[in-house]
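Colleague:
Protein chains: 4
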Amino acid sequence: MNPPPATDPLLTDPPSGGPLEPERLADLAAASRILAAQGVVDAFGHVSMRHPTAPDRYLMARSLAPALVEPQDILEYDLDSRPCSPAGRKSFLERFIHGELYKARPDVMAVVHSHSPSVVPFGLVRLRLQAMFHNAAFLADGVPVFDIRDRFGATDLLVSDGPKGQALAQTLGLRQVALMRAHGSVAVGPSLEVAVFRAVYTEVNARIQHWAHALAAGEPLAALDADEGERADVVNQGAGMRAWDLWRAQARAANGW
Amino acid sequence: MNPPPATDPLLTDPPSGGPLEPERLADLAAASRILAAQGVVDAFGHVSMRHPTAPDRYLMARSLAPALVEPQDILEYDLDSRPCSPAGRKSFLERFIHGELYKARPDVMAVVHSHSPSVVPFGLVRLRLQAMFHNAAFLADGVPVFDIRDRFGATDLLVSDGPKGQALAQTLGLRQVALMRAHGSVAVGPSLEVAVFRAVYTEVNARIQHWAHALAAGEPLAALDADEGERADVVNQGAGMRAWDLWRAQARAANGW
Amino acid sequence: MNPPPATDPLLTDPPSGGPLEPERLADLAAASRILAAQGVVDAFGHVSMRHPTAPDRYLMARSLAPALVEPQDILEYDLDSRPCSPAGRKSFLERFIHGELYKARPDVMAVVHSHSPSVVPFGLVRLRLQAMFHNAAFLADGVPVFDIRDRFGATDLLVSDGPKGQALAQTLGLRQVALMRAHGSVAVGPSLEVAVFRAVYTEVNARIQHWAHALAAGEPLAALDADEGERADVVNQGAGMRAWDLWRAQARAANGW
Amino acid sequence: MNPPPATDPLLTDPPSGGPLEPERLADLAAASRILAAQGVVDAFGHVSMRHPTAPDRYLMARSLAPALVEPQDILEYDLDSRPCSPAGRKSFLERFIHGELYKARPDVMAVVHSHSPSVVPFGLVRLRLQAMFHNAAFLADGVPVFDIRDRFGATDLLVSDGPKGQALAQTLGLRQVALMRAHGSVAVGPSLEVAVFRAVYTEVNARIQHWAHALAAGEPLAALDADEGERADVVNQGAGMRAWDLWRAQARAANGW
């Protein structure tokens, strides 16, 4: 596939940020399958990581159900979400979620987008998701809800271009998780492992909050406060690797890579 | 099995609409197993497709639990739901759901009937099922409830003849999903793949609405409106194939066909 | 193991009602594993069948987790729940549930006792279990609750002797399912296959009623009435075999018998 | 790894209480995997047992996801939670839960700490966990909630030193289960098998209470009273071995030990 003459940047595939270690590609593909195994994604949803040595590039699978992703399905994108070497492979319509979050948040090294079923309800009501236990400490500084309708009116709900991705990034601000009304959520982290951990425990936390809310009879829940959340999140970023190690081992056993 | 002399059409097996490609029969058998794997059907429920080249015929398994269906279990029916070549094989009592929906809705190419446990409750209460997220956009123009009691009084609840099937088709109207009081639901689509997608996401959506309702404290949910639903449904019919591709691959891995 | 001289019937093992076909023993062992696979029993619970040719005998596994039962674990009992040939094998403490129900109900050919988690709540509250859909038609004539405390004061909750079994049988009356407060439930049927079907769909129905109740905002549910229940139950006893055929095939695939 | 000169007890590894039978180490490793298989622990949580012949020592896996624990991962600790022979292996931050409970409760021979998702909500609300059925009789004398904030202010929620473990032990008192606000719970028992049983049925009971509470419309639940609880708990400690036998067999089949 020969690129056209490089006159219009929109017509030229952006250059790669450089080669990646095969083990990191395998980790990213495994992350897709881990999210499927944990019930965070079904046939839809995606996870990306920023290029380890080229911060203006990110890596994400071609348009494919997460449980089917193999290392060779991973494409490289620039932060405008143009694929570097598509070679005919189809990209996710919503890759702009990823590109725009990497632009807006230099600290973010990985992004998960999902429609996990316990989380979606919290985007449809006034009540907010709170941190129910220490594993979900990253939620303790608040979980905003992005309503695409506010800026873009009636849409197909998808974050399918740069401006919609930028609006979502504004709603997220400096937080780790944002919900998307009638759609799903995003979770970000300083590493692939932490972003996956946060996506999983956002879902677990939502299930816990459903039950807790039903028991509370309208009284406030004894959730983590912001101070407890900050302290517990520090520990989680270390101890959370125990979860990654388990999930990665399970993925390796299932897939051989 | 020699057919009787062709004097009474009710005594003669209707002729076939013509042969089908084996791959399509395998897809239909796989659809049964997909619906079982996704928790939409248990030992009961059925899926059919209109004959691709003979619109007055449809295809459906003999009376058998969906998880056990093989391609050779599939029978052909006319739209009065008479089997073309039963050869002693038993038909589902409720095949009239399928035949009458194909009569009433020329756009419908596939039908799923199920009793999925999250959906049944919405047929027992005044509250209506709504589209909670973009994947369930096909619900955004409303989900009617068919109460067999209204027209037929006390029954065994089954749609076991033409008139009951016609009454159900009237309740469905131009919509994609109808609930059946104290029984289950039907989902239809312009292809087998889309009908299966809709049956699965009707169940997922119901689970989400249960949770959302419990959190809403009586306030309306920020569900998809009809305009959003129409736009998102267009995208789903394309992107939804990602789900079919996943489920079909899983069925193929499990069954070898 | 030589029996003692037959002077005191309580000291003599009762004689067998005669040999059984190996296939029926395999079916009964499979029923145990089916109930475990369907989530009706965990490590506890048991299923029995009346002896096909000796109505004053019944068959049930020795004290063992249902998922581990093999055909050779099955013992024969008289209706006072004395084992015919224990040969050192331990009996379930609660076998009197079975013996006393067979005494009180000549129509009953099989009994399931379980603590399935969705059903237990309905034994702890004033609200009664109702038939939410046609598969659970056998619940439409009411589901009584047995509170052992009423007749026996503070106990360990177990139906561990004849009088307690008789009291439970009185509560059940002519119905098909009775709940046991703070304990579990029993389901009976005119065949092993129907009793297993009823135990499974009591659990499924309970899950549906939990959701339906939460949506109903205090209004009555559009459950099956007694007339609908009677009509649907007739069909279920035939069509329900489709479920048994599926579950038996799955058990055969897993166990080889 | 040569130990430093034994001048400061804090710098010297405590001596072992003596060798263990390999079968008991395998049981303890199996207990980890059983708790994972039963959904009581995910990547986090831990189980320990007191040394059978040295009551001032206990045994627990190194810091590792429970589903990955092998017999050789088990370390020995003194009751101040110092490892006897760490050999570079990392200990759980929260081992002080275990050490301090063994100090405070000579009757306790095993401890489980978990964050099982149905239980956490009861640590966040005023409503208390009650015994919903006979299998959970060990809850009938009450389930206290430990709020680390009461004594230690804002923390990372972890019981990561002796004083925090002692405070938890005071909250537990003579009971069998205590919840930990915004964190999880502990269950104890007179044997490994009983502690595992209690951890599993605390989770099952919590699920049942969620449903029962929703059905009760504010009326009290017909839970076990203290007298019933005491009687049923005696039976459970014997009959509960049926559960351990099942779970141990399943773990053996999966792991080969």
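As given, the protein sequences belong to chains A, B, C and D, one line each in that order.
Oh and the first sequence: position 76 is 187 in my numbering, straight run, nothing missing.
Oh and the second sequence: position 19 is 130 in my numbering, straight run, nothing missing.
Oh and the third sequence: position 114 is 225 in my numbering, straight run, nothing missing.
Oh and the fourth sequence: position 133 is 244 in my numbering, straight run, nothing missing.
Cβ atoms here follow ideal geometry from the backbone N, Cα and C, with glycine treated the same way.
So if DSSP puts D191/B in a beta bridge, which residue, or which two residues, is it bridged to?
Modeller: Your numbering for residue 191/B matches position 80 in the second sequence. Paired residue(s): none; D191/B is not in a bridge.
Colleague: Alpha carbon to alpha carbon, how far is V305/A from A289/A?
Modeller: Position 194 of the first sequence holds residue 305/A. Position 178 of the first sequence holds residue 289/A. Cα to Cα, the separation comes out at about 16 Å.
Colleague: For the beta strand (DSSP E) that S229/D lies in, which residues bound it at each end?
Modeller: Reading the fourth sequence from its first residue, position 118 is the one you call residue 229/D. From DSSP, S229/D is part of no beta strand (DSSP E); its letter is neither H nor E.
Colleague: Between the Cα of S192/D and the Cα atoms of A278/D, V254/D, H209/D and M160/D, which residue gives the shortest distance?
Modeller: Here residue 192/D refers to the residue found at position 81 of the fourth sequence. For the residues A278/D, V254/D, H209/D and M160/D, the minimum Cα distance to S192/D belongs to H209/D.
Colleague: Please check the pair P226/C and F308/C, which I expect to be a contact at CB under 8 Å, by giving their CB distance rounded to whole angstroms.
Modeller: By 1-based counting over the third sequence, the position of residue 226/C is 115. By 1-based counting over the third sequence, the position of residue 308/C is 197. According to the sequence as given, residue 226/C is His; it is not Pro. Contact doesn't hold; Cβ gap of about 19 Å is too wide.
Colleague: For my contact list, L146/C and P177/C are in at a C-beta cut-off of 8 Å; report their separation, rounded to the angstrom.
Modeller: As a working mapping, residue 146/C is identified with position 35 in the third sequence. As a working mapping, residue 177/C is identified with position 66 in the third sequence. Yes, L146/C and P177/C are in contact; Cβ-Cβ is about 6 Å, under 8 Å.
Colleague: Considering only their Cβ atoms, is the gap separating L268/A from R216/A smaller than 9 Å?
Modeller: Indexing the first sequence from 1 puts residue 216/A at position 105. Indexing the first sequence from 1 puts residue 268/A at position 157. Their beta carbons are not under 9 Å apart, which means R216/A does not touch L268/A by this criterion.
Colleague: Let me know if D211/D comes out buried or exposed under the rule of 16 or more other beta-carbons within 10 Å of its beta-carbon.
Modeller: Taking the fourth sequence and counting its residues from 1, the one referred to as residue 211/D is at position 100. The question names Asp, yet the displayed sequence has Glu at residue 211/D. Under this definition E211/D is a buried residue.
Colleague: Within 10 Å of its beta-carbon, does E330/A have 16 or more other beta-carbons around it, so buried, or fewer, so exposed?
Modeller: Taking the first sequence and counting its residues from 1, one reaches residue 330/A at position 219. Its Cβ having fewer than 16 others within 10 Å, E330/A is exposed.
Colleague: By DSSP's criteria, A289/B is part of a beta bridge. Which residues make up the other side?
Modeller: The residue given as residue 289/B occupies position 178 in the second sequence. Note: A289/B sits in a beta bridge opposite V297/B.
Colleague: Give the range of the alpha helix (DSSP H) segment to which S302/D is assigned.
Modeller: Indexing the fourth sequence from 1 puts residue 302/D at position 191. Here S302/D belongs to no alpha helix (DSSP H), and DSSP marks it neither H nor E.
Colleague: Excluding the 5 residues preceding and the 5 following D252/C in the sequence, name in chain order all residues of the same chain whose CB lies nearer than 7 Å to its CB.
Modeller: Counting from 1 along the third sequence, the entry for residue 252/C is found at position 141. Same-chain partners within the cutoff: R286, A337 and G340.
Colleague: Counting contacts by CB-CB distance shorter than 9 Å, is I185/D in contact with chain C?
Modeller: The residue labelled residue 185/D in the question sits at position 74 within the fourth sequence. Answer no: the Cβ-Cβ gap between I185/D and chain C never drops below 9 Å.
Colleague: By the three-class DSSP mapping on this structure, what secondary structure does H224/B have?
Modeller: Within the second sequence, the letter at position 113 stands for residue 224/B. Looking at H224/B - three-state DSSP - the assignment turns out to be strand.
Colleague: So, Q320/D versus L240/D, is the Cβ gap smaller than 9 Å?
Modeller: Numbered from 1 along the fourth sequence, position 209 holds the residue referred to as residue 320/D. Numbered from 1 along the fourth sequence, position 129 holds the residue referred to as residue 240/D. The answer is yes: Cβ separation under 9 Å.
Colleague: Tell me the DSSP secondary structure of H162/C in three-state form.
Modeller: Walking along the third sequence from the start, residue 162/C turns up at place 51. If DSSP states are grouped into helix, strand and coil, H162/C belongs with coil.
Colleague: In chain order, what residues of the segment 308-340 of chain B put their CB closer than 7 Å to some CB of chain C?
Modeller: If the cut-off is 7 Å between Cβ atoms, the segment 308-340 of chain B has H321, H324 and A325 near chain C.
Colleague: Mind listing which residues of the segment 238-250 of chain A have their C-beta closer than 7 Å to chain D's C-betas, in chain order?
Modeller: Going along the segment 238-250 of chain A in chain order, one finds M243, F244, H245 and N246 with a Cβ nearer than 7 Å to chain D.
Colleague: Need the endpoints of the alpha helix (DSSP H) that R144/C sits in, please.
Modeller: For this step, residue 144/C is matched to residue 33 along the third sequence. Looking at the DSSP string, the run of the alpha helix (DSSP H) that includes R144/C is P133 to A148.
Colleague: Distance cutoff 9 Å, beta carbons only. Does S143/B sit that close to anything in chain C?
Modeller: Counting from one through the second sequence, the residue named residue 143/B turns up at place 32. Answer no: the Cβ-Cβ gap between S143/B and chain C never drops below 9 Å.
Colleague: Strictly under 9 Å for the Cβ-Cβ distance: is A215/D near chain C by that measure?
Modeller: Here residue 215/D is taken as the residue at index 104 of the fourth sequence, counted from 1. Cβ-Cβ to chain C under 9 Å: no for A215/D.
Colleague: Whole-angstrom Cβ separation of L326/B and F233/A, contact assumed at under 8 Å?
Modeller: Residue numbering aside, residue 326/B sits at position 215 when the second sequence is read from its first letter. Residue numbering aside, residue 233/A sits at position 122 when the first sequence is read from its first letter. That pair is a contact at about 7 Å.
Colleague: Which residue comes first and which comes last in the alpha helix (DSSP H) that contains R260/B?
Modeller: Against the second sequence, residue 260/B aligns to sequence position 149. Where R260/B is concerned, the enclosing alpha helix (DSSP H) stretches over I259 to F263.
Colleague: Considering only residues of the same chain and omitting the five flanking positions on each side of A354/A, which have a CB-CB separation below 6 Å?
Modeller: Along the first sequence, read from residue 1 onward, the residue named residue 354/A stands at position 243. Taken in chain order, the residues that qualify are F308.
Colleague: Leaving aside the five residues before and after G295/D along the sequence, list all residues of the same chain whose C-beta is less than 8 Å from its C-beta, in chain order.
Modeller: The residue labelled residue 295/D in the question sits at position 184 within the fourth sequence. Cβ neighbours of G295/D beyond the five flanking positions: G156, H224, S225, H226, S227, V230, V231 and G234.
Colleague: Given that H226/B touches chain C, what residues does it touch there, using C-beta distances under 7 Å?
Modeller: Translated into positions along the second sequence, residue 226/B becomes position 115. F244 and N246, listed in chain order.
Colleague: For A221/D versus V345/D, is the C-beta distance shorter than 9 Å?
Modeller: For the purposes of this step, residue 221/D is taken as residue 110 along the fourth sequence, with counting starting at 1. For the purposes of this step, residue 345/D is taken as residue 234 along the fourth sequence, with counting starting at 1. No; because the gap between Cβ atoms is not below 9 Å, this pair is not in contact.
Colleague: Using only alpha-carbon positions, find the residue among M160/D, L357/D, N366/D and S143/D that is nearest to D153/C.
Modeller: As a working note, residue 153/C is residue 42 in the third sequence. Checked all of M160/D, L357/D, N366/D and S143/D; the closest Cα to D153/C is L357/D.
Colleague: Flag D356/B as yes if its beta-carbon sits less than 9 Å from any beta-carbon of chain A, otherwise no.
Modeller: Residue mapping note: residue 356/B aligns to position 245 of the second sequence, counting from 1. Chain A contact via Cβ: present.
Colleague: Taking buried to mean at least 16 other C-beta atoms within 10 Å of its own C-beta, is G351/B buried or exposed?
Modeller: Residue numbering aside, residue 351/B sits at position 240 when the second sequence is read from its first letter. Buried, by the Cβ-count rule.
Colleague: By DSSP, does P116/C sit in helix, in strand, or in coil?
Modeller: Here residue 116/C corresponds to residue number 5 of the third sequence, with the count starting at 1. Reliability fails at P116/C, whose pLDDT of 47 lies under 50, so the model's placement of it is uncertain and the value that follows must be treated cautiously. Looking at P116/C - three-state DSSP - the assignment turns out to be coil, as it is neither helix nor strand.
Colleague: Beta-carbon separation of L190/C and A172/C under 9 Å?
Modeller: Residue mapping note: residue 190/C aligns to position 79 of the third sequence, counting from 1. Residue mapping note: residue 172/C aligns to position 61 of the third sequence, counting from 1. For L190/C and A172/C, no; Cβs fall outside 9 Å.
Colleague: Are A343/C and A248/C close, meaning C-beta to C-beta below 9 Å?
Modeller: Reading the third sequence from its first residue, position 232 is the one you call residue 343/C. Reading the third sequence from its first residue, position 137 is the one you call residue 248/C. It is a contact, given that the beta carbons lie within the stated cut-off.
Colleague: Helix, strand or coil: how does DSSP classify L170/A here?
Modeller: Counting from one through the first sequence, the residue named residue 170/A turns up at place 59. DSSP places L170/A in strand when its eight states are reduced to three.
Colleague: May I have the straight-line CA-CA distance separating R363/A from V151/A, to the nearest angstrom?
Modeller: If you number the first sequence from 1, residue 363/A lands on position 252. If you number the first sequence from 1, residue 151/A lands on position 40. Approximately 19 Å, taken between the alpha carbons.
Colleague: Thinking just about the alpha-carbon of each residue, which of P274/C, A148/C and R135/C is nearest to the one in S159/C?
Modeller: Within the third sequence, the letter at position 48 stands for residue 159/C. Considering only alpha carbons, the answer is R135/C.
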